[in-house]
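Number of protein chains: 2
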Amino acid sequence: MKIAVVGMGLMGGSLCKAIKHHTNHTVLGLDTDSHTVARALACGAIDRAIVPEELVECAITFLCLFPDTTISFAREHVDCFKSGSIVADICGVKQAIVDALEPLFLPTGVRYVGTHPMAGREFSGFAYADDRIFQGASFILTPTAKTCPLALHTLHDLAESLGFGRIVTSTPADHDKSIAFTSQLAHVVSNAYIKSPTLWNESGFSAGSFLDLTRVAKLNEEMWSTLFLLNRPALLFELDTIIGHLQEYRAALADGDKDTLRELLKDGRIRKELSLIGDATPPEEEKEDGLATHKQLD
Amino acid sequence: MKIAVVGMGLMGGSLCKAIKHHTNHTVLGLDTDSHTVARALACGAIDRAIVPEELVECAITFLCLFPDTTISFAREHVDCFKSGSIVADICGVKQAIVDALEPLFLPTGVRYVGTHPMAGREFSGFAYADDRIFQGASFILTPTAKTCPLALHTLHDLAESLGFGRIVTSTPADHDKSIAFTSQLAHVVSNAYIKSPTLWNESGFSAGSFLDLTRVAKLNEEMWSTLFLLNRPALLFELDTIIGHLQEYRAALADGDKDTLRELLKDGRIRKELSLIGDATPPEEEKEDGLATHKQLD
Numbered sequence: 001m002k003i004a005v006v007g008m009g010l011m012g013g014s015l016c017k018a019i020k021h022h023t024n025h026t027v028l029g030l031d032t033d034s035h036t037v038a039r040a041l042a043c044g045a046i047d048r049a050i051v052p053e054e055l056v057e058c059a060i061t062f063l064c065l066f067p068d069t070t071i072s073f074a075r076e077h078v079d080c081f082k083s084g085s086i087v088a089d090i091c092g093v094k095q096a097i098v099d100a101l102e103p104l105f106l107p108t109g110v111r112y113v114g115t116h117p118m119a120g121r122e123f124s125g126f127a128y129a130d131d132r133i134f135q136g137a138s139f140i141l142t143p144t145a146k147t148c149p150l151a152l153h154t155l156h157d158l159a160e161s162l163g164f165g166r167i168v169t170s171t172p173a174d175h176d177k178s179i180a181f182t183s184q185l186a187h188v189v190s191n192a193y194i195k196s197p198t199l200w201n202e203s204g205f206s207a208g209s210f211l212d213l214t215r216v217a218k219l220n221e222e223m224w225s226t227l228f229l230l231n232r233p234a235l236l237f238e239l240d241t242i243i244g245h246l247q248e249y250r251a252a253l254a255d256g257d258k259d260t261l262r263e264l265l266k267d268g269r270i271r272k273e274l275s276l277i278g279d280a281t282p283p284e285e286e287k288e289d290g291l292a293t294h295k296q297l298d
Numbered sequence: 001m002k003i004a005v006v007g008m009g010l011m012g013g014s015l016c017k018a019i020k021h022h023t024n025h026t027v028l029g030l031d032t033d034s035h036t037v038a039r040a041l042a043c044g045a046i047d048r049a050i051v052p053e054e055l056v057e058c059a060i061t062f063l064c065l066f067p068d069t070t071i072s073f074a075r076e077h078v079d080c081f082k083s084g085s086i087v088a089d090i091c092g093v094k095q096a097i098v099d100a101l102e103p104l105f106l107p108t109g110v111r112y113v114g115t116h117p118m119a120g121r122e123f124s125g126f127a128y129a130d131d132r133i134f135q136g137a138s139f140i141l142t143p144t145a146k147t148c149p150l151a152l153h154t155l156h157d158l159a160e161s162l163g164f165g166r167i168v169t170s171t172p173a174d175h176d177k178s179i180a181f182t183s184q185l186a187h188v189v190s191n192a193y194i195k196s197p198t199l200w201n202e203s204g205f206s207a208g209s210f211l212d213l214t215r216v217a218k219l220n221e222e223m224w225s226t227l228f229l230l231n232r233p234a235l236l237f238e239l240d241t242i243i244g245h246l247q248e249y250r251a252a253l254a255d256g257d258k259d260t261l262r263e264l265l266k267d268g269r270i271r272k273e274l275s276l277i278g279d280a281t282p283p284e285e286e287k288e289d290g291l292a293t294h295k296q297l298d
């Protein structure tokens, strides 16, 4: 079938390459940047470049744009998509996008599904596109009660064929809560970590832990500030949570209270160990506190 | 020459293996755990097991114990070391150890040098000892005005022969300030990060950034709480710094202030990029704020 990819940056470009590499589908690429289109054609990442009016040919369209552009492109070109075809966005937040796109496409017969391929690199643009970023990664589907089950199934199978390691389904709201913790918070903390003035004296002192903690400090500030603001309550909760915990270690340290400091560290160590063995059984008192639930598709 | 290693845990055991692997020196091992001694002998990590009274044979002794045990062992066995021989500790904080050991050894003619091989794993004990952990790592030497230059030179050359990538010299105080930022803070932040209740719902949502941020949450709480308390002012400074920065992002997010949020992220991104290209030139206004200086030995 014909699959369109709208926006061939790091993610869209990688998706083009992955579809070409792993399937026999025809890939049609759309990008406003003519150099990107030329590069994608030259390296065989796409079979053909298209304009929005040609989206009507496609069985599946992936919108691989920034959140605001995803919504504005869909609104502007809503009549270009074929009724019955599948449209999926790949934004890193889902509730805001699903809220905007689902009511837009429902009356047109287009089958919209929110997705989030959990992959990325510290670089942007087609030049860094690489289908290997999806190998073993999670592909999140965020259907609602109105999502076509067949469209969901089609995307599930496609993601599997592209090499994703886990296909997970979640509500848009639960996705956003989890992603605030596992991805957005990581980017804020990493970006905050690097700001100590001691950075300018760290030459020779930066071991693996420092490099790990600061790797994703190198981020696209325009994209991430947009994503953060689209997920405000969940990210605020995570920020308040980690700030609160950091203040506990700080207080124990300031008090010279070794017993408390040791217990605080032990608690974190045990949680990490539980998460490593996949035994996501929370300590008894937290069983009711979980913020989000998901199930993994078979 | 004969080199003694006192304490054959992860670090001491790895050091034994590295010396055997890279040099022709004789390695004598001392540990209170007979199983560890037996294992070290069986795998050829040491040539011979010794008791403290045999330390007198050795040209160099590495004390590879926890900070408090390093000091108590040295005090208890100060008469066992040969005058003129070199004794080096490998503790992750230096001022407190140097302050205790230097006046202890100076009157005996033993040439004490504080060192810090910046390597480690998320596991403890001889079972995980691996000489490869030192490959390319930094070896920090923290001499004082009273340190014998020749002893410093001997340890420098030995570290180089063991495969360390950089040999850095620093004052004990400056070492402790840098290590508070590049290592201790990483362990606290990682340990705090894992404590969100959202952890129990992250299945399928944990991409590389989450794994990076939480890797060192798995730590030895006894050792790290001791190290943190021995470096209180520097670690408090780093904790206050990151908490202050996190509160800036938090405020911008709560206010829905995208311009400020973008600028905060951009500032972090630029600092990370500068640190990556090794251009440790701070922004103009911070040039006087640096907390520590080191030089790299040729």
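Which chain is which? The protein sequence lines are Z and Y, in order. Note that the UniProt record's numbering numbers the first sequence so that position 254 is 254, with each residue one more than the last. Note that the UniProt record's numbering numbers the second sequence so that position 48 is 48, with each residue one more than the last. Using N, Cα and C, we set each Cβ at its ideal position, and we do this for glycine too.
Item                                                                                                                    : Value
Z/D289 to Y/P197 span [Cα, whole Å]                                                                                     : Confidence in Z/D289 is poor, its pLDDT being 38 and thus under 50, which makes the residue's placement too unreliable to answer from.
Listed by chain order, chain Z residues near Y/T182 by CB distance under 7 Å                                            : E202, F205, S206, A207, F210
Per-residue burial, Y/Q135 [other beta carbons within 10 Å of its own, 16 or more giving buried]                        : exposed
CB contact flag (residue 312 of chain Y, Y/A234, <7 Å)                                                                  : With chain Y covering 1 to 298 only, the question about residue 312 of chain Y has no answer from this structure.
Start and end residues, beta strand (DSSP E) containing Y/T61                                                           : 60–63
Z/G290 in three-state terms, based on DSSP                                                                              : Confidence at Z/G290 is low in this model, with a pLDDT of 36, below 50, so its placement is unreliable and the value that follows should be read with caution. Coil.
Reduced DSSP secondary structure (H/G/I, E/B, other) of Z/G44                                                           : coil
Nonlocal neighbours in the same chain, by C-beta distance under 8 Å from Z/L101, ignoring five residues either side     : T70, I71, A74, V87, D89, Y112, G114
Cross-chain neighbours of Y/Q247 in chain Z, by beta carbon under 7 Å                                                   : I243
Z/S138 at chain Y interface by Cβ criterion, 7 Å                                                                        : yes
Separation of Z/E160 from Y/L211, as counted between CA atoms                                                           : 23 Å
Chain Z residues whose Cβ lies nearer than 8 Å to that of Y/I179                                                        : F205
Cα-Cα separation, Y/F228 to Y/P143                                                                                      : 22 Å
Below-7 Å beta-carbon distance, residue 300 of chain Y vs any chain Z residue                                           : The structure shown does not extend to residue 300 of chain Y, since chain Y is modelled only from 1 to 298, so the question has no answer here.
Backbone secondary structure at Z/T26 - three-state DSSP                                                                : strand
Any 3 or more C-beta pairs closer than 8 Å across the stretch 179–194 of chain Y and the stretch 242–249 of chain Z     : yes
Opposing strand residues paired with Y/F139 [DSSP bridges]                                                              : Y/P117, Y/I167
Proximal chain Y residues relative to Z/I3, where beta-carbon distance stays under 8 Å                                  : The contacting residues do not exist; Z/I3 stays about 24 Å from chain Y at best.
Euclidean distance between Cα positions of Y/I194 and Z/K272                                                            : 6 Å
Residue-level contact to chain Y via CB, Z/A127, 7 Å cutoff                                                             : no
Assigned secondary structure, Z/L89 (DSSP; H/G/I helix, E/B strand, else coil)                                          : Reading off the sequence shown, one finds Asp at residue 89 of chain Z, where the question assumed Leu. Reduced to three states, the DSSP call for Z/D89 is strand.
Neighbourhood of Y/L264 by C-beta distance below 7 Å, restricted to the same chain and skipping five residues each side : E248, Y249, A252
N- and C-terminal bounds of the beta strand (DSSP E) containing Y/K2                                                    : 2–6
Residue from Y/H22, Y/E222, Y/G29 with nearest C-alpha to Y/M8                                                          : Y/G29
Near-chain Y residues of the stretch 187–202 of chain Z (beta-carbon distance less than 8 Å), N- to C-terminal order    : H187, V188, V189, S190, N191, A192, Y193, I194, K195, S196, P197, T198, L199, W200, N201, E202
Cβ-based neighbour list, Z/A151, same chain, cut-off 6 Å, excluding 5 preceding and 5 following                         : I86, R111, V113
Start-to-end residues for the alpha helix (DSSP H) that takes in Y/V98                                                  : 95–105
Beta carbon proximity, Z/M118 to chain Y, threshold 7 Å                                                                 : yes
Cα-Cα separation between Y/G208 and Z/A119, rounded to whole angstroms                                                  : 8 Å
DSSP-derived helix/strand/coil call for Y/A180                                                                          : helix
Contact belief for Z/K17 with Z/A45 at Cβ below 8 Å, rounded distance in angstroms                                      : 5 Å
Beta carbon proximity, Y/A173 to chain Z, threshold 7 Å                                                                 : no
As assigned by DSSP and simplified to three states, the class of Y/A207                                                 : coil
Reduced DSSP secondary structure (H/G/I, E/B, other) of Y/A129                                                          : coil
Bridge-paired residues (DSSP) for Y/Y112                                                                                : Y/V87
Where Z/A18 sits in the DSSP three-state scheme                                                                         : helix
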